[in-house]
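Chains as they are written, first to last, in this note's numbering: chain H, 43 to 456; chain A, 43 to 456.
Report on one structure; see the data block that follows.
There are 2 protein chains.
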Amino acid sequence: MIDKDHPADFLAAGWHSGIKPEGLDFGVIHSLHPCDAAAIFTRNNFVGNPIIVGRENAASGKLQTIIVNSGNSNVATGPEGLQLVRQYTEVAAESLGIDPGLILPCSTGVIGRPMPADRMLTACREIPEKLKQSDFLAFAEAIRTTDAYVKMRGIELMSGGYILGIAKGAGMIQPDMATMLSYIITDVSIGSADLGRLIRAVANRSFNRLSVDGDTSTSDTFAILANGAAGVHVRFPEEAARMFAEFAHPITPADAASLPGMNGQSREFVSALMDICLTLTRLIAADGEGASKLIELRVSKAQSREQALKIARSIINSPLIKTAVYGADPNWGRLLMAIGKVFDEPVPIENLKIRFGEHHLNPDETDNLKIISNYLSGSEVEMEIELGLGNASETVWGCDLTEDYVRLNSMYTT
Amino acid sequence: MIDKDHPADFLAAGWHSGIKPEGLDFGVIHSLHPCDAAAIFTRNNFVGNPIIVGRENAASGKLQTIIVNSGNSNVATGPEGLQLVRQYTEVAAESLGIDPGLILPCSTGVIGRPMPADRMLTACREIPEKLKQSDFLAFAEAIRTTDAYVKMRGIELMSGGYILGIAKGAGMIQPDMATMLSYIITDVSIGSADLGRLIRAVANRSFNRLSVDGDTSTSDTFAILANGAAGVHVRFPEEAARMFAEFAHPITPADAASLPGMNGQSREFVSALMDICLTLTRLIAADGEGASKLIELRVSKAQSREQALKIARSIINSPLIKTAVYGADPNWGRLLMAIGKVFDEPVPIENLKIRFGEHHLNPDETDNLKIISNYLSGSEVEMEIELGLGNASETVWGCDLTEDYVRLNSMYTT
Chain H
43 MIDKDHPADF
53 LAAGWHSGIK
63 PEGLDFGVIH
73 SLHPCDAAAI
83 FTRNNFVGNP
93 IIVGRENAAS
103 GKLQTIIVNS
113 GNSNVATGPE
123 GLQLVRQYTE
133 VAAESLGIDP
143 GLILPCSTGV
153 IGRPMPADRM
163 LTACREIPEK
173 LKQSDFLAFA
183 EAIRTTDAYV
193 KMRGIELMSG
203 GYILGIAKGA
213 GMIQPDMATM
223 LSYIITDVSI
233 GSADLGRLIR
243 AVANRSFNRL
253 SVDGDTSTSD
263 TFAILANGAA
273 GVHVRFPEEA
283 ARMFAEFAHP
293 ITPADAASLP
303 GMNGQSREFV
313 SALMDICLTL
323 TRLIAADGEG
333 ASKLIELRVS
343 KAQSREQALK
353 IARSIINSPL
363 IKTAVYGADP
373 NWGRLLMAIG
383 KVFDEPVPIE
393 NLKIRFGEHH
403 LNPDETDNLK
413 IISNYLSGSE
423 VEMEIELGLG
433 NASETVWGCD
443 LTEDYVRLNS
453 MYTT
Chain A
43 MIDKDHPADF
53 LAAGWHSGIK
63 PEGLDFGVIH
73 SLHPCDAAAI
83 FTRNNFVGNP
93 IIVGRENAAS
103 GKLQTIIVNS
113 GNSNVATGPE
123 GLQLVRQYTE
133 VAAESLGIDP
143 GLILPCSTGV
153 IGRPMPADRM
163 LTACREIPEK
173 LKQSDFLAFA
183 EAIRTTDAYV
193 KMRGIELMSG
203 GYILGIAKGA
213 GMIQPDMATM
223 LSYIITDVSI
233 GSADLGRLIR
243 AVANRSFNRL
253 SVDGDTSTSD
263 TFAILANGAA
273 GVHVRFPEEA
283 ARMFAEFAHP
293 ITPADAASLP
303 GMNGQSREFV
313 SALMDICLTL
323 TRLIAADGEG
333 ASKLIELRVS
343 KAQSREQALK
353 IARSIINSPL
363 IKTAVYGADP
373 NWGRLLMAIG
383 KVFDEPVPIE
393 NLKIRFGEHH
403 LNPDETDNLK
413 IISNYLSGSE
423 VEMEIELGLG
433 NASETVWGCD
443 LTEDYVRLNS
453 MYTT
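Below, the structure is given as structure tokens:
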């Protein structure tokens, strides 16, 4: 029962449960049988109650069902909030006839409001009924908060099997961690140890390189579930993970094809997974709260990856650079400022080369700044800073800062 | 010749030199005789050319004249930019009949534009003529860039002498360093070693606790010049500096009165200097680009000052908190988020106490959030976060984030 829209033996649903005043606010993805799974969670010291239960459940390497509500993040809701997660996962498990330890619960929305327990419990009892009309788009809709659009990408593998990624996220996003919520489901078969290596490797080259506002959510969750229904077996051994971590960024299909200890199916899977996560990362960056432009920034010719990343993050998080990009202003002085404020990584100014899209910065050249300003007025901006110090590079994604970010966040809640 | 508006034997002027299309853009403060002096500069790895010369000149502990232009920061202008600073300080020194090494040159404005050499040189030749009509307010006006208002504070000391502080700064300000430009002149007598200790001690409790946007200027300069004309001798010995660093924050007059190794005059001087620097810090925070509110944030009952400061900076720089304050939204969930994202300083959530002005946060209490929202709608917001872990505290200053910040910075230059 493989079809082209989702991996085999997965069902999904999204509906209005009454947590938000209107719109879809409750979503479920369910596999017909237990999956090998791996998940990574927010590094924020205050975590949502679902994260506490999700960490416990994901630790076994087996998950079967993802339950997400939007409209209330169940953070800072006290022992009652945690108790409720245990209660509704049990209700959901009972209604689905599975072990409650196979459920990954997630919540996103306002922090510090009591969860409407009755609505959560009612929704969990309704799951089997709702899954009868499986609808992945409704799930993707239901997990949105300030997202302007649904974020999904699926790839059918030539070697068999399908990978589907669904994410949400627009604000409170900083590259020290996974994105807000991001789920990958697939019908290939891959062991949970391999998945654990793979999820870290891929996150580190995608969601962990994404910044909207430098803030860090209390609810971030990135999970991969593989149910094996396609009968294709995939691996990601230690030696592949080591080489993956060494690749320049972004990782190309040719890179993936050179991974050791793996067959062609596995390489295709890793390459497709990376494609999906990069696509979702870019979709989240482009949909950054109030954003009018996606920014892709590469810092290259650094002494080390660490140096490249520190400088890239200083630039991608700088409000003065974000506002300049919004204004299509080739304000390279602000780039110098942001490079120079990484106090422990001094860079000789005479080595620097700056490129916007195809256009190398050369302020002495007539019309150079005008051409770059014109380039910056598009909806996707690509920048490269060459440090001239070595061969390491890093790429990060972010967005511009607009009046709409301020409007959205000064008016959203309470 | 002590009068009430400025310390004795100092002159000042500000005029239009043509660096900006209109308005005052060139300012000078000049002492009739050489001053003991200390200065601290930006930590940005790319510094303006005036900073290079200023560091050299301030190293001697003697300065006599401060020369500032606005409209062009002379950063990233190559060897010509540095050459020009050496040239115009020599011209100014010759016109004033002093040693060029006694001049502190400063520039503020756009980065990466060639300086108009002829205008700088002409202005430097005009200095003695312009100083004939001494005018400190014109100086304060001339150093403004995006500042909405002039920032000055003077205190006449009961024990004799006068301290005058003049600052500018509105954006590209982050608490890892001094403010943009800040000058203190006084006619007390204090040796440059004592001044060196004092400037660091005071900056660390004022300008270094200030954040507008987390960005770090390439031109920051904070200097103190003391010409001794009032005949009052002041000290700030090592032992006083050590105790000063231990005081809780902000430092009270009673704290200053307990400083060891000092007479009453010295204590009054230190207390007044601290008052001036705090006032200037608050003026800069309140005038943060586009800001509608000043935020004073105290993190208390921390295990260490370092812990308090890390958490305070995470909060004061968070765009989600800055926009919530703008919207008068008591969004304490975002406070939890910002406390929790200091990954290496975990704080038990049950210990936290949050206060807005006089109002303790208690979301369970009817109208509590409404009362706090009402408090947040004022133009000054005071917040305290008690961590419940120890006895250390830190105070930082910042401002809200508004649509005007975005407008100003997306349209300012090139």
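Using N, Cα and C, we set each Cβ at its ideal position, and we do this for glycine too.
Just so it is clear, the structure is predicted and the values come from calculations on it, not from any experiment.
Along chain A, which residues have their Cβ under 7 Å away from the Cβ of residue i?
| i | result |
| --- | --- |
| Met-222(H) | Ordered by position in chain A, no residue passes the 7 Å Cβ test against Met-222(H), which lies about 12 Å from the chain. |
| Ile-413(H) | The contacting residues do not exist; Ile-413(H) stays about 13 Å from chain A at best. |
| Asp-409(H) | Those do not exist, as Asp-409(H) stays about 13 Å from chain A at its closest Cβ, beyond 7 Å. |
Where does residue i sit, in a helix, a strand or coil, going by DSSP?
| i | result |
| --- | --- |
| Arg-155(A) | coil |
| Asn-114(A) | strand |
| Asp-446(A) | helix |
| Ile-358(A) | helix |
| Leu-460(A) | Past the edges of chain A, shown from 43 to 456, lies residue 460(A), and the structure says nothing about it. |
| Gln-216(A) | The predicted model places Gln-216(A) with a pLDDT of 44, which falls under 50 and marks its position as unreliable, so this point remains unresolved. |
| Phe-88(A) | coil |
| Ala-135(H) | helix |
| Gly-61(H) | Checking the sequence, you will find Ile at residue 61(H) rather than Gly. Note: Ile-61(H) maps to coil in three-state DSSP. |
| Gly-69(A) | strand |
| Ala-100(H) | helix |
For residue i, go through chain H and note every residue whose CB falls closer than 7 Å to its CB, in chain order.
| i | result |
| --- | --- |
| Thr-365(A) | Val-448, Asn-451 and Ser-452 |
| Thr-444(A) | Val-448 |
| Trp-374(A) | Gly-154 |
| Gly-382(A) | Asn-86, Asn-87, Phe-88 and Thr-260 |
CA-CA distance, residue i and residue j?
| i | j | result |
| --- | --- | --- |
| Glu-426(H) | Ser-415(H) | 15 Å |
| Ala-299(A) | Leu-179(A) | 32 Å |
| Val-448(H) | Ala-79(A) | 43 Å |
| Glu-445(A) | Cys-441(H) | 16 Å |
| Arg-205(A) | Val-127(A) | First, the amino acid is wrong: residue 205(A) is Ile here, not Arg. Between Ile-205(A) and Val-127(A), the C-alpha separation is close to 29 Å. |
| Gly-113(A) | Gly-60(H) | 56 Å |
| Ala-434(H) | Val-384(H) | 17 Å |
| Pro-372(H) | Ala-287(A) | 43 Å |
| Pro-147(H) | Phe-264(H) | 12 Å |
| Cys-166(A) | Phe-398(A) | 50 Å |
| Gly-56(A) | Leu-173(A) | 9 Å |
| Pro-142(H) | Val-367(A) | 41 Å |
| Asp-189(A) | Val-89(A) | 21 Å |
| Gln-281(H) | Met-304(H) | The residue you asked about is not Gln; residue 281(H) is Glu in the sequence shown. Looking at the two C-alpha atoms, the distance is approximately 9 Å. |
| Pro-390(A) | His-275(H) | 44 Å |
| Gly-270(H) | Ala-380(A) | 40 Å |
| Glu-136(H) | Met-162(H) | 14 Å |
| Ile-413(H) | Ala-118(A) | 21 Å |
| Thr-131(H) | Phe-289(H) | 40 Å |
| Ile-91(A) | Gly-211(A) | According to the sequence shown, residue 91(A) is Asn rather than Ile. Roughly 19 Å separates the two Cα atoms. |
| Val-341(H) | Val-95(H) | 38 Å |
| Gly-273(A) | Val-230(A) | 6 Å |
| Leu-418(H) | Ser-334(H) | 11 Å |
| Glu-310(A) | Leu-199(A) | 7 Å |
Assuming residue i and residue j are in contact, meaning their beta carbons sit under 8 Å apart, how far apart are those beta carbons, in whole angstroms?
| i | j | result |
| --- | --- | --- |
| Phe-68(H) | Ala-243(H) | No, Phe-68(H) and Ala-243(H) are not in contact; Cβ-Cβ is about 32 Å, not under 8 Å. |
| Asn-254(A) | Ile-337(A) | A small fix is needed here, since residue 254(A) is Val in this sequence, not Asn. Incorrect: roughly 11 Å between the Cβ atoms, too far for contact. |
| Phe-181(A) | Ile-71(A) | 6 Å |
| Lys-104(H) | Leu-144(H) | 6 Å |
| Ala-81(A) | Ala-100(A) | 4 Å |
| Leu-240(A) | Trp-439(A) | Incorrect: roughly 20 Å between the Cβ atoms, too far for contact. |
| Gly-203(A) | Asn-86(H) | Wrong, their Cβ atoms sit about 51 Å apart, outside the cutoff. |
| Pro-292(H) | Arg-247(H) | 7 Å |
| Leu-315(H) | Ile-226(H) | 7 Å |
Using a Cβ cut-off of 8 Å, pull out every chain H residue sitting near residue i, in sequence order please.
| i | result |
| --- | --- |
| Tyr-368(A) | Val-448 and Ser-452 |
Residues of chain A with CB under 8 Å from residue i, in chain order?
| i | result |
| --- | --- |
| Val-389(H) | Asn-87 |
| Pro-30(H) | The first residue shown for chain H is 43 and the last is 456, placing residue 30(H) beyond what the model contains. |
| Ala-264(H) | This sequence places Phe at residue 264(H); Ala is not what is there. By Cβ distance, chain A contributes nothing, its closest Cβ being about 17 Å from Phe-264(H), past 8 Å. |
> What runs of the beta strand (DSSP E), each 3 residues or longer, lie entirely inside the region 255-341 of chain H?
Replying inline: Counting only runs of 3 or more, we get 263-268.
> Which ranges does the beta strand (DSSP E) cover as unbroken runs of at least 3 residues, wholly within the region 359-420 of chain A, from first to last along the chain?
Replying inline: Here the runs fully enclosed are 395-398.
>> Please give the ranges of any alpha helix (DSSP H) in the region 219-246 of chain A, keeping only runs that are unbroken, at least 4 residues long and fully inside the region.
In response: Entirely contained in the region 219-246 of chain A, the alpha helix (DSSP H) runs reaching 4 residues are, in chain order, 234-246.
> Can you give, in chain order, each stretch of the beta strand (DSSP E) that sits fully within the region 143-195 of chain H and has at least 3 residues?
Replying inline: For the beta strand (DSSP E) assignment, the uninterrupted runs of no fewer than 3 residues enclosed by the region 143-195 of chain H are, from N- to C-terminal side, 145-152.
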